[in-house]
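Chains as they are written, first to last, in the working numbering: chain X, 1 to 470; chain L, 1 to 470; chain P, 1 to 470; chain V, 1 to 470.
Note that the Cβ used here is the ideal one computed from N, Cα and C, for glycine as well.
No experiment lies behind these values; they were computed from the predicted model shown.
Only one structure is covered here, and it is reproduced in the block below.
Protein chains: 4
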Amino acid sequence: MRDKFRDECGVFGIFGHPDAANLTYLGLYALQHRGQESAGITSADGKRLFLSRAMGYVSDAFDEATLLSLKGPSAIGHVRYSTAGDSRLVNAQPILIDCAHGEISLCHNGNLVNAQELRDELVRRGSIFQTSSDTEVILHLYARSQAPMAEDAIIESISQVRGAFSLAMLTKDKLVAVRDPHGFRPLAIGELDGATIVCSETCALDLIGATHVRDVEPGEVLVIDSTGMRSYKPFADAPFEHCIFEHVYFARPDSKVFGQSVNEVRTDLGRRLAREAGVDADVVVPIPDSGVCAALGFAEESGAPFKMGLIRNHYVGRTFISPQQAIRNFKVKVKLNPVRSILKGKRVVLVDDSIIRGTTSRNIVGMVRAAGASEVHMRISCPPTISPCYYGIDTPRRSELIGFTHTVAEIQEFLGADSLAYLDIEGLLSAVGSRRGDYCTSCFTGKYPVEFPHDENAYLQLALKLPSES
Amino acid sequence: MRDKFRDECGVFGIFGHPDAANLTYLGLYALQHRGQESAGITSADGKRLFLSRAMGYVSDAFDEATLLSLKGPSAIGHVRYSTAGDSRLVNAQPILIDCAHGEISLCHNGNLVNAQELRDELVRRGSIFQTSSDTEVILHLYARSQAPMAEDAIIESISQVRGAFSLAMLTKDKLVAVRDPHGFRPLAIGELDGATIVCSETCALDLIGATHVRDVEPGEVLVIDSTGMRSYKPFADAPFEHCIFEHVYFARPDSKVFGQSVNEVRTDLGRRLAREAGVDADVVVPIPDSGVCAALGFAEESGAPFKMGLIRNHYVGRTFISPQQAIRNFKVKVKLNPVRSILKGKRVVLVDDSIIRGTTSRNIVGMVRAAGASEVHMRISCPPTISPCYYGIDTPRRSELIGFTHTVAEIQEFLGADSLAYLDIEGLLSAVGSRRGDYCTSCFTGKYPVEFPHDENAYLQLALKLPSES
Amino acid sequence: MRDKFRDECGVFGIFGHPDAANLTYLGLYALQHRGQESAGITSADGKRLFLSRAMGYVSDAFDEATLLSLKGPSAIGHVRYSTAGDSRLVNAQPILIDCAHGEISLCHNGNLVNAQELRDELVRRGSIFQTSSDTEVILHLYARSQAPMAEDAIIESISQVRGAFSLAMLTKDKLVAVRDPHGFRPLAIGELDGATIVCSETCALDLIGATHVRDVEPGEVLVIDSTGMRSYKPFADAPFEHCIFEHVYFARPDSKVFGQSVNEVRTDLGRRLAREAGVDADVVVPIPDSGVCAALGFAEESGAPFKMGLIRNHYVGRTFISPQQAIRNFKVKVKLNPVRSILKGKRVVLVDDSIIRGTTSRNIVGMVRAAGASEVHMRISCPPTISPCYYGIDTPRRSELIGFTHTVAEIQEFLGADSLAYLDIEGLLSAVGSRRGDYCTSCFTGKYPVEFPHDENAYLQLALKLPSES
Amino acid sequence: MRDKFRDECGVFGIFGHPDAANLTYLGLYALQHRGQESAGITSADGKRLFLSRAMGYVSDAFDEATLLSLKGPSAIGHVRYSTAGDSRLVNAQPILIDCAHGEISLCHNGNLVNAQELRDELVRRGSIFQTSSDTEVILHLYARSQAPMAEDAIIESISQVRGAFSLAMLTKDKLVAVRDPHGFRPLAIGELDGATIVCSETCALDLIGATHVRDVEPGEVLVIDSTGMRSYKPFADAPFEHCIFEHVYFARPDSKVFGQSVNEVRTDLGRRLAREAGVDADVVVPIPDSGVCAALGFAEESGAPFKMGLIRNHYVGRTFISPQQAIRNFKVKVKLNPVRSILKGKRVVLVDDSIIRGTTSRNIVGMVRAAGASEVHMRISCPPTISPCYYGIDTPRRSELIGFTHTVAEIQEFLGADSLAYLDIEGLLSAVGSRRGDYCTSCFTGKYPVEFPHDENAYLQLALKLPSES
C-alpha cells in the first residue's frame with residue numbers, strides 16, 4: 001500500500017522543432033516522477049496526427065521505430081498515474097479524436113470538478129464516450145462546437161470546464177497550452193532553437209537544454225502556430241490557488257515551480273522545522289529520497305550532523321514477491337536498510353516530508369530503533385494532512401489519513417517515536433514567501449477553494465461508467 | 001497474394017444459456033473459415049456487458065480466464081477479415097459502446113452502402129467515431145435516437161442503413177438479430193436446451209449440438225429476451241438477393257445455407273460442369289480443398305476416376321518465409337504437392353471453384369504438367385468472375401480480375417492448359433433450383449441490385465478516416 | 001488424448017548450396033507432419049557452426065533474421081515430437097557440441113536400444129549429459145574417441161549404437177548421413193544445383209525442386225565434403241526391417257519411401273481391403289485425412305461411390321478449450337463435422353488407416369449414425385495394432401492398445417459399428433510387393449527384430465535422468 | 001559506455017529453512033547491486049535439485065509459481081554481470097549438472113586464473129562443455145573424480161583451481177561454501193531460525209532478519225548438512241588479499257565486509273581526502289550515489305556544507321533512446337540534473353569514489369559549470385586506477401584507464417576542473433586500519449598477488465569457445 005500523496009500526471013508540448021517527438025520523449029523522461037503507469041506521445045506533421053501510447057515507464061513505452069513513426073515538427077506527451085480500477089490503455093493520454101473540426105489530441109494534468117455533469121448532458125444528447133477519464137468531455141464539447149474556426153471551438157469548449165487543469169492540446173498545425181484560472185498545477189514555457197515548449201516542470205527543459213522563458217499564466221490560453229503565439233484570457237478572474245504540495249513533495253528539487261526553486265523552499269522548510277521544533281540529537285537522518293532536502297536544512301540549522309543512516313534499494317521492482325514467513329518490518333526493509341554504524345547508540349532525528357497513513361513511518365521508526373538508536377525523533381516538513389485533494393492529486397480517503405483520525409500525540413504513540421513534530425502552516429507559507437496568499441492548502445485545512453460535488457466517492461474514484469473490455 | 005474471393009465475417013449469438021460465452025467460442029470456432037484476422041465475444045449478465053477481442057485465430061484469441069470473465073447467459077461473437085490498411089484491434093468486432101440507452105454491442109456480416117454519407121452527417125453534428133468500420137454508424141444512430149425504449153431505438157437506427165447486413169446485437173437483457181431485406185448474407189436460427197441461437201452457418205449449430213429451426217428472414221428484426229421472441233419487419237419489401245458465391249465457395253460443405261445443402265449444390269455444380277464441358281480424361285483431380293465437392297460430382301458424371309493428385313500441406317503458417325533463390329512454382333508448392341504416381345502420363349482434369357487473378361491456377365497447371373501429366377484440362381464450377389462485390393465480400397478491383405480482363409481462350413493460354421471451361425450462369429442457377437430468382441449474381445454479371453457510390457476505391461477500401469495509433 | 005501412432009522425427013541435410021539454411025527450412029516445412037513440437041537448424045560455413053532451435057511449428061520457429069544468422073553452404077535440420085515429460089527446448093534437435101575433434105551437430109530419427117547402458121558407462125567415467133535424449137550418447141562417444149581424424153571418430157562412435165537411426169550430422173566442413181543396418185527409418189538422397197541433400201521423405205525434395213537420386217542404404221555411412229562423397233559400411237550385415245507403418249500412415253502420400261509410392265501402396269491397401277472384406281453399401285466415406293487414399297481404393301474396387309461425408313476443421317488450434325457442459329461426441333466434432341445430406345439414410349463404409357485406442361473411432365461412428373446413416377461399417381487398412389514400437393515411433397503401452405486388449409468382435413461392439421474388418425497381414429505385405437520380406441511388422445505381431453531391455457516403461461519413457469530447470 | 005568498475009556477482013546460500021527459495025530470492029534482491037544481468041536459484045529437497053534462471057533483474061526473473069516450484073529446505077542463488085559477448089542464459093548461474101556423484105549446483109563470485117588450462121585438458125580427455133564460463137571446470141573435475149564420497153570429490157575438485165572464488169554449492173542434501181585462500185571476495189555466514197546462511201554481503205542478512213555470525217575464512221571449505229557444519233582447510237596457506245575496492249565502491253554502505261562497516265570506511269576516506277587535499281569552497285556536492293558517503297566525510301572534515309547539488313533520475317531504463325540531435329552533456333543529463341540554486345556562483349567541491357575512463361566525470365564538471373559554479377574542484381576517494389583486475393571485477397583494458405594513460409595534471413585538464421586530487425594509497429590503507437596488510441591493491445599498483453596468463457585479452461574476455469545458438 002502506497003503511503004504518499006501522488007501527483008497524477010505530467011504534460012509536455014513542443015512546436016516547431018525537427019526533433020519534436022524525440023524531445024517530447026526526453027521531456028517525459030524528466031517528468032517520469034509525476035506518473036509511472038502509462039506514457040504517450042502525439043505528433044503532428046501539418047497534415048495529420050500520429051499517436052503512440054503504452055502502459056509502463058517512458059523508457060519501456062517507446063522504441064526507436066515508434067519514435068520514428070511520430071512524424072512532424074510538433075508534439076505533445078503525457079505521463080500518468082490513475083486510481084486503481086482504471087489502469088487501462090484506453091484511459092492513457094494523450095487522447096486523440098477526429099471530428100468535424102479535424103483531428104485533435106489532448107494531455108491533461110489536473111481534475112475537472114464538473115466533468116460528470118457535462119458528460120451526463122453530452123450522453124443524453126447522443127455522444128458516445130470512449131474512456132472513463134474526465135478529460136474526454138473537453139473533446140466532445142469541441143466536436144459539438146459549431147464555432148467556424150478550430151481555435152474558437154477550442155476556447156468555447158475549455159470555457160465550460162471547471163477545476164484544475166494544465167492542458168497541452170495539438171491539432172495538425174497548432175499547439176495550445178491552457179492553465180486554469182486558479183493556476184492549481186504548474187505549466188512552464190521554454191524555448192529551444194526557436195521552438196516553443198510547454199511542460200509541467202522546468203527539469204524537463206533542463207534535460208533537453210531549453211531555456212525557461214516564463215510560466216503559462218493562470219487563466220491563460222496560449223495558441224502557438226506557424227504565425228506565432230497568441231494569448232487569450234477567456235476565464236473570469238479568480239484567486240490563485242497553487243498547489244503547495246508541489247513544493248513539499250511532488251516536484252523534483254531541481255525544478256523551479258510557481259516562481260521558486262523547489263530545493264530552496266524545501267531546504268528552508270527543514271530549517272524552519274529545526275527552529276520550530278528543535279531537539280537535542282546526535283544525528284539527522286533523512287528518509288530517502290523524500291526527506292533529504294528538509295533534513296539538510298534541519299541539520300544546517302540544528303548543528304547536528306546529517307548522515308545517510310537509511311540506504312535505499314534502487315532495484316525495487318514492480319513484481320516484487322513477499323516472503324511466506326513473517327519478517328519484522330519487511331515491507332520497509334525491502335526499500336530501506338539501516339546503517340547500524342551510524343545509528344547505534346545515537347539520538348536520531350528522522351526527517352520526512354509527510355505522514356499519510358502512518359504505517360510506513362511506523363515501520364521505519366521500528367527499524368531504526370532495532371538498529372540500536374537510543375532515541376528516535378520524527379520531524380515532518382509540513383502540517384498534518386487531514387483532507388483529500390480534488391484537484392488532481394491521488395490521495396486516500398479522509399478516514400485513511402492518520403492526520404485526520406489521530407492527534408499528533410496519538411500519532412507519535414502509533415509511530416513509537418520519542419517525539420514527533422510537524423512544521424506549522426505559518427512556517428510552510430513563510431517558506432514560499434511573498435506569494436503565500438496564492439497557494440491552495442486544502443489538504444492541511446479542509447477548506448476547498450473550488451466547490452465540488454458532495455459525494456467523496458464519486459470524486460475519488462471518478463466513477464464514470466465505461467464498458468469493460470478484458 | 002491471395003487468389004480467392006474472401007468472405008469478410010461470421011457472426012454468432014445466443015440467448016438464455018448458462019454456458020453462453022463458451023458456446024459462442026465454439027460457434028466462432030466452427031465459423032473460423034469466414035474470418036481469421038480477429039475474433040471477439042461480448043456477453044451480458046442482465047446488468048452489464050463484458051467484451052474480449054483479439055487479433056488472430058479463435059483458438060489463440062481466448063483462454064480459459066478470458067472465457068470465465070465473459071459472464072452471463074447471453075453472448076454474441078464475431079470472426080473477421082478486413083482489407084489491408086485496417087488490421088487493427090480497434091476495428092475488431094463486436095463493437096461495444098455505452099450511451100443514453102445503456103450498453104450495446106454489435107456484430108456485423110456484410111457491408112453498408114450508405115455508411116459514408118451517414119457518418120459524414122453524424123460527424124457534422126458532433127459525433128466522435130472510434131473506428132474506421134462502416135458498422136459504427138449504427139451505434140451512433142442508436143446513441144442519438146430519442147426513442148423512449150431501447151428496442152424502438154434499435155429499430156429506428158437499423159432502418160436508416162442500406163446494403164448487406166446480417167447483424168447480432170446484444171444489450172444487457174436482449175439479443176437482437178437482423179437481416180437486410182435482400183437477404184444477401186445467411187443467418188440461421190437454432191435451439192439448444194431452450195436457448196435461442198443465431199449464426200452465419202448451420203455448421204456452428206452442429207458443433208454445439210443445437211437444432212436448426214429456420215433462417216432469420218430477409219428484412220426481419222428478431223428481438224429475444226426473457227419474455228420470448230418478437231419479430232419485426234421494419235423495412236420496405238425488396239427482392240431477395242442471396243449471395244450465390246456462398247454456395248460456390250464461401251460456406252462450409254457441411255452447412256445448409258439459403259435452404260439448401262452446400263455439399264449437394266456444390267457436387268451438382270460438378271455434375272453439370274461434366275455435362276456442359278466434358279472431356280476424355282484418365283483422372284479427375286480436385287484443387288484441394290476448394291474443388292473437392294465439384295470434382296467428385298464431375299468424376300461421378302464423367303466416369304473418370306477421382307484421385308487426390310495434389311496433396312495439401314496443412315502446416316502453412318502465417319510467418320512463412322520464401323527462399324532467397326528461385327524455385328519453380330514455389331508459392332504453390334508450399335501449399336500443394338503433386339502425386340507423381342497419379343499424374344504421370346495421364347490426361348488430367350483439374351477442377352476448382354473459381355479463377356480470380358489466375359496466377360495460382362497457372363502455377364498449379366505448370367506443376368501438374370511438370371509431374372508428368374500428358375494433358376491438363378481445367379474446369380471451373382461457376383462462370384468467370386468479372387466484377388467486384390460491394391456487399392461484404394473482399395474482392396480485388398475489376399482490373400485485377402482475369403475474368404474481366406481476358407477472354408476464356410486467353411485465360412486458357414495464360415494458364416497453359418490444354419482446355420478450359422467454366423460452368424455457365426444457367427447451370428449455376430439451375431443447381432440452386434426453384435430459388436434461382438432469389439440470388440445475387442453481380443460478380444458474374446456486373447449488374448448490382450443495390451445502388452452504391454460510383455467511386456470503386458471508396459468502396460473497396462472503405463476509406464473512412466481514423467486517427468492512427470501505432 | 002491423441003489416438004494415432006506418431007512418428008517421432010524428420011531429418012534434413014544439405015551440403016554445398018549457397019542457400020543452405022533456407023532450403024533446410026523449406027525441407028523441414030515439407031516434413032512438418034513428422035514432428036510438430038520443436039524445430040531446429042544447424043548450419044556450417046567451413047569454420048564454425050550456427051544453431052537455432054525453438055519449440056513449435058517450423059513456420060513459427062524461424063524468422064528472416066534467424067535464417068540469415070545461419071550462415072554457410074551446409075546445414076542440417078530436424079522436426080521433433082517427444083514423449084510427454086520431455087517437451088523442453090534442451091531436448092530439441094539438432095544437438096550441437098564442441099569437443100576435442102571440433103564442433104559437431106546431429107539430428108536423429110529413430111531410437112537407440114542401448115542408449116541407457118552406454119550412458120551409464122559414460123557417466124561413470126565422468127561425462128556430463130545435457131539432455132535426456134538417447135541421441136546425446138553418440139556425441140559423448142565422439143568426444144572421447146582418441147581416433148586421430150574426425151571422420152574416423154564419427155564412424156567409431158556410430159558403430160557402438162544399436163537400434164533404429166537415420167542420422168544427419170554436420171561438422172564445420174562435412175555432412176554425414178547414416179542409416180542403421182536394418183534400415184528401420186527412411187532416408188533419401190537428392191540433388192539440386194550440384195548440392196547433395198538427405199531427407200526423411202522425398203516430399204522435401206519436391207518442395208525445393210531437387211531430384212531424388214537414391215536412398216541411403218541400410219548400414220551405410222555417407223561422408224560428403226568438398227572433395228566429394230565417400231560411402232562406408234561399418235556395420236555387420238543384418239536383415240532389412242523397414243517400418244511398414246510409414247506406408248500405412250506416417251509418410252505423406254506424395255512421398256516415395258523404401259522404393260515405392262506411398263499413395264500407390266496406400267490406395268492398393270484400400271483395394272485389397274474391399275476384396276478381403278467387402279460389404280454392400282451406398283457410400284464409401286474416408287476419415288480425413290488418414291483414410292482418404294485407402295477409401296479411394298476401396299471405392300474403386302467395391303463400386304460404391306466415394307464421398308467426403310466428414311468435413312475436417314482446419315483451424316483446430318493448440319489452445320483449444322472444451323465447453324463446460326457436455327456436448328455429445330464433442331472432441332471429435334471439433335475436428336470433424338458430418339455432412340448430413342451425404343450420410344442420411346445411407347449404408348456407410350467408413351475407411352481409416354488404423355484404430356489405436358478406439359475412442360476416436362467410436363465417436364466418429366456415433367456421429368455418423370446421429371447424422372442419419374442406416375448402417376455404419378468400419379474398414380481398417382492394416383491389421384490390428386497389438387504391440388508398441390521400440391524403434392522411434394510414439395505408441396501407447398500395450399495395455400492401451402484396443403487391438404491387444406480386445407478381439408475384433410469386441411472392438412466392433414465398442415465402436416457401435418454394424419461390421420468391422422481389418423486388412424490382414426498377408427494383404428498388407430502383398431501391397432509392398434516383392435520387398436515384403438524386408439519389413440518390420442512388430443506392431444502387428446509383437447515379434448521384435450532387435451532385442452531391447454525388458455522394462456517396457458524404461459523404453460516408452462526413455463527414463464533418462466536430467467536435472468530439471470523450470 | 002559504463003564508466004565504473006563493476007563487481008561481477010553476488011552469491012547466497014541457505015540450509016535448513018522451510019522458506020529456503022523465498023529467502024534466497026530476498027537475499028538476491030539485497031545483492032542486486034552486484035549483478036543485474038541474470039539471476040538464478042537452485043533448491044534441494046533431499047532427493048533432487050530444482051533450478052530456475054532468467055535474464056534480467058531479480059524482481060522480473062521470478063514469479064510466485066517459479067518460487068513455489070523451487071522446493072525444499074536448502075537453496076543457493078546468484079546474481080550476475082558478464083562481459084559483453086557473453087550475455088546468454090546458458091552462462092547464467094547457478095549451473096546445475098547430474099553426474100556419477102549425483103546432482104550438484106554451483107554459484108561463483110570471482111575468477112579462476114587457471115580455468116583455460118584445466119578446460120583444455122578436460123576437453124582433450126573427452127569432456128563436453130556447455131558454457132563459456134570459467135566456473136564449469138569445477139563441475140567437470142567433480143564429475144571425473146573417482147573419490148568414493150561426494151564430499152571428498154568436492155574438495156578434490158576445488159583444490160585444483162586457483163584465483164578468486166567465493167562459492168556456494170548445493171547437492172541434494174548438502175550446502176558447501178568455499179572461499180579461496182587469499183580471501184579476495186567476501187563471504188559472510190549468518191543464522192536465522194536455526195538455518196545457516198552464506199552470502200556475499202551482510203545487507204542480505206539484514207533484509208531477511210538474520211544474524212551475522214562470522215565470515216567464511218580465506219581457504220575454508222564449509223560443509224553444512226543435517227548432521228551439522230564441518231570446516232576443512234584443503235589449501236596451502238597464503239597471504240590475505242581482500243579486494244579493497246569493495247570498500248571504495250562495490251559493497252553497499254549498509255554492509256560490513258572484511259570485518260568493517262563499509263559506511264564508516266567510506267566516510268573516513270572522505271575525511272582523509274579533506275585533510276590530504278582540502279580546498280577553500282562554498283559547498284561539497286557528491287556525485288550520487290557513489291560519492292555520497294565520502295562527500296559527507298569530506299564536508300564534516302572541511303567545514304564546508306554538504307548539499308545535493310546533483311539530482312539523480314531514478315527512472316533511467318535499459319531501453320533509453322538518445323536524441324537524434326546533439327544536446328550538450330546529454331548522456332549525463334539523463335542520469336543527473338544540477339540544482340542551479342545550489343551551484344550558482346559557488347566554489348564547488350565534487351566528490352566521487354573513482355574516475356575510470358573520465359568521460360562521465362568530464363560531463364559532470366561541464367554541467368556543474370554550466371549551472372553557474374564559479375569554481376569546480378574534483379576530489380576522488382582513492383588513488384588513480386591504473387591497472388585492470390583479474391580477480392572477478394569487470395574493468396576496462398589498461399589503455400582505457402585514464403589513470404594509466406594520463407597524469408593527474410592531464411586528467412584535471414581533461415575534466416576541465418579547477419583542481420583535482422586523489423586520496424593516496426597510504427590514506428586508503430589507513431582507513432581499513434590494522435588489517436591494511438591484508439588487502440589486494442593491484443588496480444592501483446599493477447602488482448598482482450596471484451600470477452595469471454600473460455595475454456590480457458584472454459583474461460578480459462575469458463575467450464573460451466562455445467558453440468553459438470542464436
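Item: Partner residues on chain X for residue 247 of chain V, Cβ-Cβ distance less than 7 angstroms; Value: Here the premise fails: no neighbours, minimum Cβ distance about 13 angstroms.
Item: Interfacial residues, the stretch 17-48 of chain X to chain V, with Cβ spacing under 9 angstroms; Value: 17, 18, 19, 22, 23, 25, 26, 29, 30, 32, 33, 36
Item: Beta-carbon contacts of residue 338 of chain P that lie in its chain and below 7 angstroms, excluding the five residues immediately before and after; Value: 309, 310, 367, 368, 371
Item: CA-to-CA distance, residue 147 of chain L to residue 74 of chain L, given in whole angstroms; Value: 24 angstroms
Item: Near-chain L residues of the stretch 51-62 of chain P - C-beta to any C-beta below 8 angstroms; Value: 57, 58, 59, 60, 62
Item: Alpha helix (DSSP H) runs contained entirely in the stretch 307-376 of chain X, provided each spans 4 or more residues; Value: 330-335, 340-343, 359-370
Item: is_contact[residue 460 of chain L, chain P] using C-beta, thresh 8 angstroms; Value: For residue 460 of chain L, the pLDDT reaches just 47, beneath the cut-off of 50, and the residue's location in the model is therefore unreliable, leaving the point undetermined.
Item: Integer-rounded CB distance, given that residue 29 of chain X should sit under 8 angstroms from residue 58 of chain X; Value: 5 angstroms
Item: Within chain X, the residues that residue 153 of chain L reaches when beta carbons sit closer than 7 angstroms; Value: By Cβ distance, chain X contributes nothing, its closest Cβ being about 10 angstroms from residue 153 of chain L, past 7 angstroms.
Item: Contact under 8 angstroms by Cβ, residue 157 of chain V with residue 142 of chain V; Value: yes
Item: Proximity test, Cβ basis, 8 angstroms: residue 143 of chain L and chain X; Value: yes
Item: Interface flag, residue 139 of chain V vs chain P, CB-CB below 8 angstroms; Value: yes
Item: Residue 380 of chain X vs residue 287 of chain X beta-carbon contact at 8 angstroms; Value: no
Item: Cα-Cα separation between residue 417 of chain L and residue 297 of chain L, rounded to whole angstroms; Value: 21 angstroms
Item: Spatial neighbours of residue 255 of chain P in its chain, beta-carbon cut-off 6 angstroms, leaving aside the 5 residues before and after; Value: 201, 202, 203, 262
Item: Beta carbon of residue 69 of chain X nearer than 8 angstroms to that of residue 52 of chain X; Value: yes
Item: For residue 192 of chain V, three-class secondary structure by DSSP; Value: strand
Item: CB contact check: residue 206 of chain L to chain P, cutoff 8 angstroms; Value: yes
Item: Between the CA atoms of residue 218 of chain X and residue 231 of chain X - distance to the nearest angstrom; Value: 12 angstroms
Item: Pick from V:344, V:350, V:252 that is closest to residue 482 of chain V, judged by C-alpha positions; Value: With chain V covering only 1 through 470, there is no way to say anything about residue 482 of chain V.
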